[in-house]
Every structure is written in C-alpha cells, then in structure tokens.
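Heads up: the structure comes next, in structure tokens.
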Amino acid sequence: MVAEIRAVPLQLDHLILAVNDPKKSVDFYTRILGFTSEGQREPFSVVRVTPDLVLQLAPWGTKGGEHLAFAMTRGEFEDVFGRVRAAGIAYGDGFDPVGNMRGPGEASGAKGASKSVYFFDPSQHLIEITYYG
Numbered sequence: 001m002v003a004e005i006r007a008v009p010l011q012l013d014h015l016i017l018a019v020n021d022p023k024k025s026v027d028f029y030t031r032i033l034g035f036t037s038e039g040q041r042e043p044f045s046v047v048r049v050t051p052d053l054v055l056q057l058a059p060w061g062t063k064g065g066e067h068l069a070f071a072m073t074r075g076e077f078e079d080v081f082g083r084v085r086a087a088g089i090a091y092g093d094g095f096d097p098v099g100n101m102r103g104p105g106e107a108s109g110a111k112g113a114s115k116s117v118y119f120f121d122p123s124q125h126l127i128e129i130t131y132y133g
C-alpha cells in the first residue's frame, strides 16, 4: 500500500557540510557545479545553490562520506558534466563504480527515474548530478 503524500510547506534552507579545505571546496562548488560564492559567515564559507538553499562549508575537517544529489535540467547537467570531464575528475555511472568513467547511469530520486553521474568533491563527499525525463 502506498501512503498518501501530503504537501508540507517546508523546504531545506541550508546545509552545513564539514570540509578539509574551504578554499578548495568553494572553488569546486563554484567552478565545477556553477554555484555562487557568498563569502564568509564565520566560521563558514557560504555557497549559494539556489535562491532558497545555501551550503555552509565548515572548516572542521572530515573523512568525507556524505552524499549530496543535485537535480537540474538536462542542459544544466550537460554543462556540469562537461566541466567535470574537462577538469579530469573521476566519475562513474553509479555510486559504487565512481571512477569507471562511464555515465550517465540509471538512478532514482525524489521524482522517480533519472539519469545520474557520480564523483567526489575535494573532501571525499559523494556528489551526484541528476536530471529527470
């Protein structure tokens, strides 16, 4: 039985992500993913993802391991994936085979079936870019 989904007037506002080198992380999220740096809000380096969401990159160090999936249009996906390839970043068509240099692969997200590519940020957090349709 499928539970009824009720729309709740909530949305994610910000996410604190521990990183090893804030400067490298800001460069990655702006240059590769196309987000916008908003500078420092101590102790965080702030990167705007959308008008309603920011990443607060915390200089606390990490072993990585977080997974962030960013949904976008197919055109945006192609642009970001092109920058990943141009930068020589290892990628994969699934979350296990990162580095197989294949993709996009079949995935499933909040809106159902999608196409995705996976790669690591400078702090070894698993990044997924995905599009639907």
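Under the numbering used here, the first residue of the sequence shown carries the number 1, and numbering increases by one thereafter. Think of the CB as a built atom: it goes at the ideal place given N, C-alpha and C, for glycine as much as any other residue.
From Glu-66 to His-125, what distance separates their C-alpha atoms? Counting from one through the sequence shown, the residue named residue 66 turns up at place 66. Counting from one through the sequence shown, the residue named residue 125 turns up at place 125. Between Glu-66 and His-125, the C-alpha separation is close to 5 Å.
CA nearest to the CA of Phe-35, picked from Ser-25, Glu-42, Gly-103, Pro-43: Residue mapping note: residue 35 aligns to position 35 of the sequence shown, counting from 1. Nearest option by C-alpha distance: Ser-25.
May I ask you to verify whether the segment 87-107 touches the segment 43-50, counting CB pairs closer than 8 Å and requiring at least 3? no
Expressed to the nearest angstrom, what Euclidean distance is found between the alpha-carbon atoms of Tyr-132 and Gln-11? Here the question's residue 132 lines up with position 132 in the sequence shown. Here the question's residue 11 lines up with position 11 in the sequence shown. Going from the Cα of Tyr-132 to the Cα of Gln-11 covers about 20 Å.
Check the Cβ-Cβ distances between Ala-107 and every residue of chain B, and say whether any is below 8 Å. Within the model displayed, chain B is absent; a lone protein chain is all it includes.
Give, in chain order, every unbroken run of the alpha helix (DSSP H) that is at least 4 residues long and sits entirely within the segment 60-105. Taking only runs of at least 4 residues, the alpha helix (DSSP H) segments lying wholly in the segment 60-105 are 74-86.
Cutoff 7 Å; reference Ala-58; Cβ partners in own chain excluding five residues on either side: For the purposes of this step, residue 58 is identified with residue 58 of the sequence shown, where counting begins at 1. Counting only Cβ-Cβ distances below 7 Å, and skipping sequence neighbours, we find Ile-16, Leu-17, Ala-18, Val-19, Pro-43, Phe-44.
By the three-class DSSP mapping on this structure, what secondary structure does Ile-129 have? Numbered from its first residue, the sequence shown carries residue 129 at position 129. Three-state result, Ile-129: strand.
What three-state label does DSSP hand Val-49 in the structure shown? Walking along the sequence shown from the start, residue 49 turns up at place 49. In this structure, Val-49 counts as strand in the three-state DSSP scheme.
Sequence-distant residues of the same chain with beta carbon closer than 7 Å to Asp-21, five excluded per side: If you number the sequence shown from 1, residue 21 lands on position 21. Here Asp-21 has Pro-122 as same chain residues with Cβ atoms under 7 Å from its own Cβ, once five neighbours each way along the sequence are excluded.
Whose C-beta lies closer than 8 Å to the C-beta of Arg-41 among residues of the same chain, with five residues either side of it excluded? Indexing the sequence shown from 1 puts residue 41 at position 41. Contacts found: Gln-56.
Residues bridged to Ser-108 (per DSSP): The sequence position of residue 108 within the sequence shown is 108, counting from 1. As computed with DSSP, Ser-108 is found in a beta bridge with Ala-113.
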